[in-house]
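Structure, as structure tokens:
Residue numbers (the working numbering), protein chains in the order written: chain G, 1 to 1011; chain R, 1012 to 1266; chain E, 1267 to 1582; chain U, 1583 to 1734.
Structure follows, in structure tokens:
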């Protein structure tokens, strides 16, 4: 690349779609030195995830984990969120696109709107609330959901009749009827598509009674019903009469694996979300529920999913019925639903349910085609974004990347991984112009307030009438003046308005204030704003305290104005008592070593290393074996037909030739120390076992996985028994003996989904279909039997399952407690390899004398994981795979900052998934490497060395490994870079030596005493 | 069948400048009319708040007559136009509540039309007679509840705002500068009034006792699914909550 | 079988002579009958002072912290459990201590004997196997030792040292068929009012002398929360609320650490039933988290860890 | 100035209103309380919320100090298991609270003075209801008696 074209690039990225994928990509990029435009077609970011109640397989509250990300995005100096916006057209090419956006009129000034909701209360229009899937109603002026970012209302022009009442009641003067659709032109170097997915049309579901019968609902409607902030406030009830549905049926594969409607792919997530909804419903319900899930194959292939499935069945007693019901009809008197189905052994059953939930599939987003046309990218035959199998986040047009369900149905962690991967790809292509467009804020020097007695300024907000409609604000202000150390108090119509910020700054100077108490709304949304204001006035940002007299007072005590006023005063008193004790908090900067260590030289490690190098960082790549390549050396091609050996050779060459990558083979990690930004790792490598001491800012663990060596089914005892990888190798070598076989049997789930190894190995179903198809290619006459428990060809791999069946591969299901039997017998002087399996449909034994028996064996974690988990203080799960910080939103990182993972070390997965995850790990790592310094400090713990006895309880308690015992002084030391400020160590400290800035014992005690 | 054994109690609101003067002329002219009409003088027919009308019904009156100046003659230029909109909406609401809308009549009587005054009064009395007694101060609890729901609906700001701005919205245009078609306005007003009325009705029913969706449906004669939908609104605004669970059926109540 | 005291002396001498330890902590005879007192032996000749009898009640683990030298310690079952707690809390390094484990038959509670003698002064006391011969001015009484043991000894399940480097004599039989938490259960069975009444009665006796704290081998905070002025947690007078909180918090501090050696109980000059609190916490820790303090070196202290399935019925 | 500071502890006075301190973790329960506000769900005004980063920040001593100060009820609420912003803070807290809860009951401190709860960021309604429930429970108990510090 020549210099001129380098400088032509633009250091900004456009992210289209504000769901969790877009949010993650935006945060990664903004943290890595790029300016991000995040556009969202609706009035708020959050996407589908905001609609979910809980998330599998941990049943975490979706909003609890999403909302901090929303807020982080909303506050980021280098993310510009543009809502109600779409792309009109683009010009230019990778590195420099000119994008024209169209911003629909919102009719609300986002900066002025306080989100109080007075307008919606009065609006005369009642419209279906699509956030609740029409199960509740909203006004024509509305906020998408209570936690929305931006938390500003919008007017639905289709519903609004323009009566003007909202303007009349809005005291913030945020309503702007003159707002018009606008075009905005932006320049970006790359584009990331994350428009999410669509849901099937009602028409597709009509056959199931949807739209006809009120008690037939979609899974997303059921999700809203379960949600505590949903239409029924989390009370499980059915729409027809709000009774609790005692008997619920889930019907799987609605709009998936459905050739009638041209949706032959599997939507990948429905099995597991149905299990989630079933178990959550059981937990929610005050009365026992009977829940049945009608399914074809139970596809719980993700990390921890199989155990989740198992719990649903055995602990929660969810009934799993392997059948697609043939008919659903309503019982008119009760509005119950009668389902007719056939059991596996052919019995016809009619059963009545109170509620039927359709587990609907994921479709391409409705706007996919238009978007593709405008951007000039290709879609696949289903309308999802076309990507190369081994280039999972690259669209057909250079410089445009894709992530999430637009690329194919997938769950949240896969989406988050792809989002980070897309960010990594975009970042790699733009690294020369990193940091060229980001904004940095300059502040006046901080005033030294040491030695000054507290002089507190109190600002009491009316919030229009939101507070003062209930609380007597002037009375609160007058009361505040009487409190000790309060030097000044005033009340403001809106504390958060721009003119009040100026007013606060002026007042700080005029009255020489050194602490500020803002008495208004919740610090969760407004603290940063006021912190910023006082910082601009030269005060340390931690010299702020807030009293929440709106969300937690005036809004919730409308009927009791006097008591609300009393409460408000007391909240002010409590805040002032704390404010008196707050101190400036210094933040220190620690330098970051701009290099990374990648452990493991398989595809995962190499892709991660290469991406880091492309992003301009030095990389040490260690591989414990002699050669790079890992387990992929044994894989010839993918199910989709990609040539893995060619890919691998190319990758090895690129890694080996990259000047920024230093490869160590035959390498072992001996010792590791340090923390994020500043690790030191000692390795022994090479034939001579030379010791190297590596200094690096981040670590990526990509130690890979291994093939389970079975003891089952005569493996190792009879040469005709092979693992799938061995069979693949034989086929690829063109072993004539194999092509001549009459019969081949493949047994699935060997060593997986067993009590001692309960997880699903995810890839084996597709691998066996891959082999079966190859064998059919070699010899179409061959009889191939696949003995399986569930066929888990999720996503587009389902098509290959169909193909295999069409080409005559026989699939025979067996039960876990009635496994196939394999024996060698001699008959007619022939040594036969005999497989016997019970055919569940015929109920009889099927006996096959096979020429080859291939085993779909488990993928097991690398033996090294254990050692590395100890060296880098990161956890393993029960199965021995590395355990991420959060199953949903932090799939490649650990609680220990600066340490990341990818590939089979995390869980069994396909190569394309490994590639995406490796890039994701690189992306997350670059958010650290791209900074010169890491800010440490803030509201963190601190140790009183005089009180500490070094007992070490805090080091055990700390989830972030932020505390160590100083071996010399025998006292605890807090690493301020790692400490996240939860305070668990403070309350756990035996000797009272731990304390915490911003929430010190003295401060909390002062609040208690002021209450 | 006409029941003539009773005399309905009628309240009339007379505008100061035309109708009241018209009634005076009727008196001066010694035109005779039935004695069961009480009159209240207002400065303008536009002053007659629909809430007054419902309050009158609740107080036991059987018919309410609102009389103002002829269109174009209003002393305050447009007061009678507003009166027309308000009464139209009130009648609609009465109809929704199952109360004969013709118990309320708006008409025009000029200062000189003594005879017309008597004719209108007489025909209105006869009309109300033909409809029958309302007796909302009597035994019929459901009637009172429905009237209360109507009254509450008439007190909501959104309903008053729409009615008060109807003329402007239709003639001058809305905040976006578009003139609304009468049909569009009508249908919005209808549905707003209906939604508010049903919600108020449910809330009033639940004030008395906790009820399930089925019981509310029975009391209102509406489909349970529709009740369920309005309950969502009421729950979200905090007006109604689940009181208790009877086996699997939740019962709702006011706070 | 040779006398335990003799064996302790021999072991101590040997350890000092071989310079395997720099200091032996053990017991010597006290100045009054039925009393022994901790002694610190640095030279082998001094080892002759060392004794062992049923008045060696003190928990010597109390003296182990902050020593630079290598220490040999005479330790009963409860002492070894305290040592384990201290090792886990990094206050003592295992390799720094040489544990001379002594199986224990229980220690005599002088207060119980004094109560029996009803004010008569003991001038001499001799232990003869399971009996104690008490002599005064004008009396001699022979009592069975087991009737006068400390409460904590009566419920003890670890009479034998849990860890040791050398064991003196043979292991003794552990208590059998005792309900360790009998008293706690009895208390639990009372009405809430009664319980509060008893608790208040007990703590109202407290004179805030902190003897309990000072005797406890695990109360080693540099600054106890009652002495803290930043922040001032509680008042220093005998105000009932302050005193109650002192006792509750001190008890809570021992959660998962207390081995029920009874040192606090013995130290209290006002006879407050401190074990009523600590024993309850011990019981709960065992029932809720399946943890017992000082029984092995491996388990993570219960309040420094968690299980996903920990009990939470009390949480709404 | 507290509403019931004028009276002696332990006395039930007409019109007496219980006072409750609620320690809420910033990420879930405090957010849940905010959501109750945004949703305008009404609950009694007797509770004073103290925001802390995590339920694990709350030590038994802070709870005892609240009781000593004279509040009639204490609530400690954190994220539901699995939701903790700090990964495991609520699990660590749960153990401490289990011991404390048992101990307080053991000492005869009335059940219903000290409450523990999990409230997620989506549970505005639950928060409002929880406060109602606790307020009622505490109201039924009357003014706090045990542990309240009387000036000597």
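Ideal placement from N, C-alpha and C gives every residue a C-beta, glycine not left out.
As the structure is a computational prediction, the values presented were derived from the model and not from experiment.
Inter-stretch contact at 8 Å, needing at least 3 Cβ pairs: the region 990-1000 of chain G / the region 944-955 of chain G = Verdict: yes, contact present.
Among G:1000, G:923, G:888, which residue has its Cα nearest to the Cα of residue 1667 (chain U)?
-> In the fourth chain, counting from the first residue as 1, residue 1667 (chain U) sits at position 85. Taking residue 1667 (chain U) as reference, the option from G:1000, G:923, G:888 with the minimal CA-CA separation is G:888.
Kindly list, in the order they appear in chain U, the residues whose Cβ is closer than 7 Å to that of residue 472 (chain G).
-> Indexing the first chain from 1 puts residue 472 (chain G) at position 472. Those do not exist, as residue 472 (chain G) stays about 14 Å from chain U at its closest Cβ, beyond 7 Å.
Closer than 7 Å by C-beta to residue 325 (chain G): which residues in its own chain qualify, once you throw out the five before and the five after it? Chain order, please.
-> For the purposes of this step, residue 325 (chain G) is taken as residue 325 along the first chain, with counting starting at 1. Only 251, 294, 339, 340, 341 meet the Cβ criterion.
In this structure, does DSSP put residue 1057 (chain R) in helix, strand or coil?
-> If you number the second chain from 1, residue 1057 (chain R) lands on position 46. Helix, per DSSP.
Going by DSSP, name the residue or residues bridged to residue 329 (chain G).
-> As a first step, residue 329 (chain G) is located in the first chain; it is residue number 329 there, counting from the start. Beta-bridge pairing by DSSP links residue 329 (chain G) to G:338.
Cross-chain neighbours of residue 1528 (chain U) in chain G, by beta carbon under 7 Å | Nothing can be reported for residue 1528 (chain U): it is not among the residues displayed for chain U, which extend from 1583 to 1734.
Same chain only: Cβ atoms within 6 Å of residue 658 (chain G), ignoring 5 sequence neighbours per side = Stepping through the first chain from its first residue, residue 658 (chain G) is reached at position 658. Shown here for residue 658 (chain G): same chain residues with a beta carbon closer than 6 Å to its own, the five before and five after excluded, namely 613 in chain order.
Distance between beta carbons of residue 161 (chain G) and residue 1115 (chain R), contact taken as under 8 Å | Mapped onto the second chain, residue 1115 (chain R) falls at position 104. Mapped onto the first chain, residue 161 (chain G) falls at position 161. Incorrect: roughly 26 Å between the Cβ atoms, too far for contact.
Under 8 Å by Cβ, that's how I've got residue 1375 (chain E) and residue 1405 (chain E) pegged, so tell me the actual separation to the nearest angstrom.
-> Along the third chain, one-based indexing puts residue 1375 (chain E) at 109. Along the third chain, one-based indexing puts residue 1405 (chain E) at 139. Going by Cβ atoms, the distance from residue 1375 (chain E) to residue 1405 (chain E) rounds to 20 Å, so no, they are not a contact pair.
Taking 9 Å as the CB-CB cut-off, is residue 1670 (chain U) touching chain E?
-> By 1-based counting over the fourth chain, the position of residue 1670 (chain U) is 88. For residue 1670 (chain U), the answer is yes, since a Cβ of chain E falls inside 9 Å of its Cβ.
Name, in chain order, the residues that DSSP records as bridge partners for residue 1391 (chain E).
-> As a first step, residue 1391 (chain E) is located in the third chain; it is residue number 125 there, counting from the start. Residue 1391 (chain E) pairs with E:1400.
How is residue 522 (chain G) classed by DSSP in three states: helix, strand or coil?
-> Taking the first residue of the first chain as 1, we reach residue 522 (chain G) at position 522. In the three-state reduction of the DSSP assignment, residue 522 (chain G) falls in the coil class.
Can you check whether the CB of residue 1340 (chain E) is closer than 9 Å to the CB of residue 1322 (chain E)?
-> Along the third chain, read from residue 1 onward, the residue named residue 1322 (chain E) stands at position 56. Along the third chain, read from residue 1 onward, the residue named residue 1340 (chain E) stands at position 74. Yes.
With DSSP as the reference, label residue 1093 (chain R) as helix, strand or coil.
-> Mapped onto the second chain, residue 1093 (chain R) falls at position 82. Helix at residue 1093 (chain R).
Curious, which full-length beta strand (DSSP E) runs of at least 3 residues does the region 612-648 of chain G contain?
-> Within the region 612-648 of chain G, the complete beta strand (DSSP E) runs of at least 3 residues fall at 618-622.
DSSP three-state assignment for residue 13 (chain G), whether helix, strand or coil | For this step, residue 13 (chain G) is matched to residue 13 along the first chain. Strand.
Return the CA-CA distance between residue 753 (chain G) and residue 656 (chain G), expressed in angstroms with no decimal places.
-> Counting from 1 along the first chain, the entry for residue 753 (chain G) is found at position 753. Counting from 1 along the first chain, the entry for residue 656 (chain G) is found at position 656. Residue 656 (chain G) has its alpha-carbon roughly 39 Å from the corresponding atom of residue 753 (chain G).
In whole angstroms, what is the alpha-carbon distance linking residue 1448 (chain E) and residue 1530 (chain E)?
-> Walking along the third chain from the start, residue 1448 (chain E) turns up at place 182. Walking along the third chain from the start, residue 1530 (chain E) turns up at place 264. Distance between the alpha carbons of residue 1448 (chain E) and residue 1530 (chain E): 19 Å.
Collapsed DSSP secondary structure at residue 1580 (chain E) in the structure displayed = Taking the third chain and counting its residues from 1, one reaches residue 1580 (chain E) at position 314. Assignment of residue 1580 (chain E) by DSSP, reduced to helix, strand and coil, places it in the coil class.
Which parts of the region 1282-1317 of chain E are runs of the beta strand (DSSP E), unbroken and 3 residues or longer, counting only runs that do not cross its ends?
-> Taking 3 residues as the shortest admissible run, the region 1282-1317 of chain E contains the following complete beta strand (DSSP E) segments, listed from N- to C-terminal end: 1289-1295, 1302-1307.
For residue 122 (chain G), name the three-state secondary structure that DSSP assigns.
-> What you label residue 122 (chain G) is simply residue 122 of the first chain in a count that begins at 1. Looking at residue 122 (chain G) - three-state DSSP - the assignment turns out to be helix.
Quick one: using the 10 Å Cβ neighbour count with 16 as the cut-off for buried, is residue 350 (chain G) buried or exposed?
-> The residue labelled residue 350 (chain G) in the question sits at position 350 within the first chain. Residue environment for residue 350 (chain G): exposed (fewer than 16 other C-beta atoms within 10 angstroms of its C-beta).
Which of helix, strand or coil DSSP assigns to residue 1679 (chain U) | By 1-based counting over the fourth chain, the position of residue 1679 (chain U) is 97. Helix, per DSSP.
Tell whether a beta-carbon distance below 9 Å holds between residue 1117 (chain R) and residue 1073 (chain R).
-> Taking the first residue of the second chain as position 1, residue 1117 (chain R) is located at position 106. Taking the first residue of the second chain as position 1, residue 1073 (chain R) is located at position 62. Taking the C-beta atoms as reference points, residue 1073 (chain R) is found no nearer than 9 Å to residue 1117 (chain R).
Nearest candidate by alpha-carbon position, reference residue 1067 (chain R), set R:1142, R:1082, R:1048, R:1057 = By one-based count along the second chain, residue 1067 (chain R) stands at place 56. Sorting R:1142, R:1082, R:1048, R:1057 by C-alpha distance to the C-alpha of residue 1067 (chain R) places R:1048 at the top.
Do three or more CB pairs link the region 1123-1139 of chain R to the region 1035-1046 of chain R at distances below 8 Å?
-> When Cβ pairs closer than 8 Å are counted between the two stretches, the region 1123-1139 of chain R is seen to touch the region 1035-1046 of chain R, the count reaching three or more.
Can you give me, in chain order, the residues of the region 60-88 of chain G that have a beta carbon less than 8 Å from any beta carbon in chain U?
-> Here the close residues are 60, 61, 62, 63, 64, 65, 67, 68.
Evaluate contact between the region 440-449 of chain G and the region 32-46 of chain G, counting only Cβ atoms and requiring at least three cross-stretch pairs below 8 Å.
-> Counting C-beta pairs closer than 8 Å gives fewer than three between the region 440-449 of chain G and the region 32-46 of chain G, which falls short of the contact rule.
Helix, strand or coil at residue 1620 (chain U) according to DSSP, with G and I counted as helix | The count along the fourth chain starts at 1 and reaches residue 1620 (chain U) at position 38. Of the three classes helix, strand and coil, the one that applies to residue 1620 (chain U) here is helix, per DSSP.
Should the region 89-107 of chain G be regarded as contacting the region 127-139 of chain G, the criterion being three or more beta carbon pairs within less than 8 Å?
-> By the Cβ criterion, the region 89-107 of chain G is not in contact with the region 127-139 of chain G, since fewer than three pairs of Cβ atoms, one from each stretch, lie closer than 8 Å.
Using the beta-carbon of each residue, which ones in chain E are nearer than 7 Å to residue 1608 (chain U)?
-> The residue you call residue 1608 (chain U) lines up with position 26 of the fourth chain. Neighbours of residue 1608 (chain U) in chain E, taken as residues at a C-beta separation under 7 Å, are lacking, since the least C-beta distance is about 18 Å.
Ignore the nearest five residues each way along the sequence and tell me which others in residue 355 (chain G)'s own chain have a CB closer than 6 Å to its CB.
-> Position 355 of the first chain, counted from the first residue, corresponds to residue 355 (chain G). Answer for residue 355 (chain G): 215, 238, 245, 248, listed in chain order.
Using three-state DSSP, classify residue 268 (chain G) as helix, strand or coil.
-> Taking the first residue of the first chain as 1, we reach residue 268 (chain G) at position 268. The answer is coil: DSSP assigns residue 268 (chain G) none of H, G, I, E or B.
Residue 1663 (chain U) to residue 1648 (chain U) span [Cα, whole Å] = Residue 1663 (chain U) sits at position 81 when you count from the first residue of the fourth chain. Residue 1648 (chain U) sits at position 66 when you count from the first residue of the fourth chain. Approximately 25 Å between the Cα atoms of the pair.
Below-9 Å beta-carbon distance, residue 1653 (chain U) vs any chain G residue | Sequence index remark: in the fourth chain, residue 1653 (chain U) carries index 71 (1-based). Answer yes: the Cβ-Cβ gap between residue 1653 (chain U) and chain G drops below 9 Å somewhere.
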